[in-house]
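Residue numbers (our numbering), protein chains in the order written: chain Z, 59 to 257; chain S, 5 to 472.
Following this line, the structure appears as structure tokens:
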């Protein structure tokens, strides 16, 4: 319980940093999130899961950093103060929802339930509050990490964990590639501008 | 011949095309030959023994494939073959990437509908999604914007699907959906909602549909045809499989699905009526069709699921037919704005007849195939009782704008004199464009007049799915 809580607080902090920081620093926050998940899996004696997460979890942030280096980040939709307030509200609201549905989950998973709901809320905040395609990608990657954490609840999950990590890397690569091509074509990776191109 | 090997043919041919073809022309011919071989072998197997389990060897079984999905896998391969033929004439300078990706999507879609293993299913869904994103970007310019929307929204959808599949795995303790036991109704509720959002995004259910018009209008016509008819249908079938593998399906979830379905039908039909671009019109009409299939899932009875599965198969044929007809119009006139077209019926009679048959079939007009499946769904709605008879009547009313839209588009494109005063020049259409249109038109009629064999298969499958 204590291990989950300690790691969980770290994950929530890193996820919240992704909301607030600019693309490059947010990618580093994702890297930290992935590595702490790997450390948690190791602490839970899931050696294969930990190795997979550590080895493949490094790739998405690196790919995002490379893409960020070849693009220019659009002006954020909200300023930092608004994002901080939004993040605090999201965390509070997610905890409230987790509290309301807590009875439906196993008692020994109470800490995980809260952490997963908060991560879910923060992922949606990232997706809904940002304009940069790379930031949207980071939101998707937080969602995928929720899947990885859920896998830790089961047994014999190595195959699924491996598949998930491989496809996360592929998704990251393709979205980052499209972002770079979009930037070379339209000079922006602002998703709202790109969507308005066709009306 | 084992089914697994037939399913693998498109993937093997894709690899050959990608790594060994010296030029795009050769790649195109290899792809057409491979898909034709796959279709012929599949048809032969189908005729010899419908859905016989003996056609799955131990390798296929251990990979989590089940012969119960053959009823959907077969049309996927057949439609895939026609789309590949059509591409041969339609896609100029395909490059080395187009055919390998198209064949990967066909192969993974056909295999996914036969998969009963959660991990295999996830891998196949992701491969199909990623290949589609790359294929949509095949054309430069606005296609990238469409691809951006496609990959972002579908990746969010895939994340939901992944979480749902993992929750299923963790809850049931097995990857095999045929050996699911029982879990709490709260877990079923949570998983069902995640599945609906995840696979609903791929199906194009409102409000996760916004990628559909952009992607279908910017992707090459053969790709749009395959996505709208086949990938969408396959995703709906996978949703049926996963949703009803959990027992019992919750009434509140089914009612929610039914209401979402009606919203999807209504928005799809009304938006389709207002479109001026042929491809965007078809994109919205495919949203409307997705709603009808979803409504069958929402009813949730054995009869409704049989109707839904039949509608999925029909939709593959009807929607592909319409997309290919529109592709033929664009190939011949180089125009896609409905207002700039007209008087094409006399100059393109086969295409006009094909479009009319497809449109009438999609509108549920007898004796075409769409009538039979939509009738089965409505009948199941009335039989279920409760809210469902009223919802079925609403569904019927909501489909009326779509029927009007089909008639309007057909009239303006093929019958009306050109309003711009300039009759579009019509160039010669290749046999690779005409033959798929003729075969699909004939199938729409035959499947409407002689539906019993498919209905029987769909009934058996729906009973098997509901019975666990």
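Ideal Cβ positions, reconstructed from N, Cα and C, are used throughout, including at glycine.
Tell me, please, whether the CB atom of residue i is closer than 8 Å to any CB atom in chain Z?
i	result
residue 278 of chain S	no
residue 467 of chain S	no
residue 441 of chain S	no
residue 141 of chain S	yes
residue 173 of chain S	yes
residue 402 of chain S	no
residue 181 of chain S	no
residue 343 of chain S	no
residue 137 of chain S	yes
residue 166 of chain S	yes
residue 297 of chain S	no
residue 319 of chain S	no
residue 200 of chain S	no
residue 187 of chain S	no
residue 81 of chain S	no
residue 163 of chain S	yes
residue 460 of chain S	no
residue 203 of chain S	no
residue 292 of chain S	no
Using 8 Å as the threshold, is the C-beta distance between residue i and residue j below it?
i	j	result
residue 157 of chain S	residue 214 of chain S	yes
residue 208 of chain S	residue 291 of chain S	yes
residue 362 of chain S	residue 320 of chain S	no
residue 345 of chain S	residue 284 of chain S	no
residue 276 of chain S	residue 380 of chain S	no
residue 115 of chain S	residue 128 of chain S	yes
residue 226 of chain S	residue 288 of chain S	no
residue 378 of chain S	residue 315 of chain S	yes
residue 384 of chain S	residue 456 of chain S	no
residue 21 of chain S	residue 126 of chain S	no
residue 335 of chain S	residue 437 of chain S	yes
residue 40 of chain S	residue 85 of chain S	yes
residue 32 of chain S	residue 105 of chain S	no
residue 478 of chain S	residue 312 of chain S	Residue 478 of chain S falls outside the range modelled here, since chain S spans only 5 to 472, and no answer is possible.
residue 269 of chain S	residue 364 of chain S	no
residue 34 of chain S	residue 17 of chain S	yes
residue 230 of chain S	residue 87 of chain S	yes
residue 410 of chain S	residue 367 of chain S	yes
residue 261 of chain Z	residue 197 of chain Z	Since the first residue of chain Z shown is 59 and the last is 257, residue 261 of chain Z is not available in this structure.
residue 179 of chain S	residue 122 of chain S	yes
residue 247 of chain Z	residue 129 of chain Z	yes
For chain S, find out if any of its Cβ atoms is closer than 8 Å to the Cβ of residue i; answer yes or no.
i	result
residue 88 of chain Z	no
residue 114 of chain Z	no
residue 243 of chain Z	yes
residue 160 of chain Z	no
residue 122 of chain Z	no
Taking only heavy atoms of the ligand ADP into account, decide whether any of them is closer than 7 Å to the Cβ of residue i.
i	result
residue 287 of chain S	Annotation note on the ligand ADP: not contained in the displayed structure, which lists no ligands.
In chain order, what residues of the same chain have a beta carbon less than 7 Å from the beta carbon of residue i, not counting five sequence neighbours either side?
i	result
residue 133 of chain S	158, 162
residue 261 of chain S	200, 298, 301, 302
residue 206 of chain Z	95, 111, 219, 222
residue 131 of chain Z	80, 81, 190
residue 160 of chain Z	168, 171
Less than 8 Å between C-beta atoms, sequence neighbours within five positions excluded: which residues of the same chain meet that for residue i?
i	result
residue 144 of chain Z	77, 136, 183, 187
residue 186 of chain S	251
residue 281 of chain S	221, 340, 341, 342
With a CB to CB cut of under 6 Å and the five nearest residues on each side skipped, what residues in its chain are close to residue i?
i	result
residue 271 of chain S	210
residue 55 of chain S	Because the pLDDT of residue 55 of chain S is 49, which lies under 50, any placement of that residue in the model is unreliable, and the question is left without a value.
residue 154 of chain S	137, 140, 215, 219
residue 451 of chain S	373
residue 151 of chain S	137, 140, 141
residue 489 of chain S	There is simply no residue 489 of chain S to check, as chain S begins at 5 and stops at 472 in what is shown.
residue 317 of chain S	79
residue 332 of chain S	355, 433, 437
Report yes or no: do the segment 243–257 of chain S and the segment 93–101 of chain S share at least 3 C-beta pairs separated by less than 8 Å?
Verdict: no, contact absent.
Using a Cβ-Cβ cut-off of less than 7 Å, list which residues of the segment 184–213 of chain Z approach chain S; keep chain order.
185, 191, 194, 198, 201, 202, 204, 205, 208, 209, 211, 212
Got a sec: which bits of the segment 149–161 of chain S sit with their beta carbon under 7 Å from any beta carbon on chain Z, in order along the chain?
The segment 149–161 of chain S vs chain Z, Cβ under 7 Å: 149, 151, 152, 153, 155, 156, 159, 160.
Report yes or no: do three or more beta-carbon pairs, one from the segment 169–179 of chain Z and one from the segment 63–81 of chain Z, lie closer than 8 Å?
yes
The segment 70–88 of chain S / the segment 218–237 of chain S touching (three or more Cβ pairs under 8 Å):
Output reads yes: the segment 218–237 of chain S touches the segment 70–88 of chain S.
Determine contact between the segment 390–408 of chain S and the segment 346–360 of chain S, defined as no fewer than three beta-carbon pairs at a distance below 8 Å.
no
At a CB distance below 8 Å, what residues from the segment 101–126 of chain S approach chain Z? Give them in sequence order.
122, 123, 126
Against chain S: residues of the segment 212–240 of chain Z by CB proximity under 8 Å:
Only those residues of the segment 212–240 of chain Z whose C-beta falls short of 8 Å from the nearest C-beta of chain S are listed: 212, 213, 215, 217, 218, 221, 222, 225, 228, 229, 232, 233, 236, 237, 239, 240.
Take every Cβ of the segment 6–13 of chain S, pair it with every Cβ of the segment 239–250 of chain Z, and state whether three or more of those distances are shorter than 8 Å.
no
Taking a cut of 8 Å between CB atoms, which residues from the segment 369–391 of chain S lie near chain Z?
none
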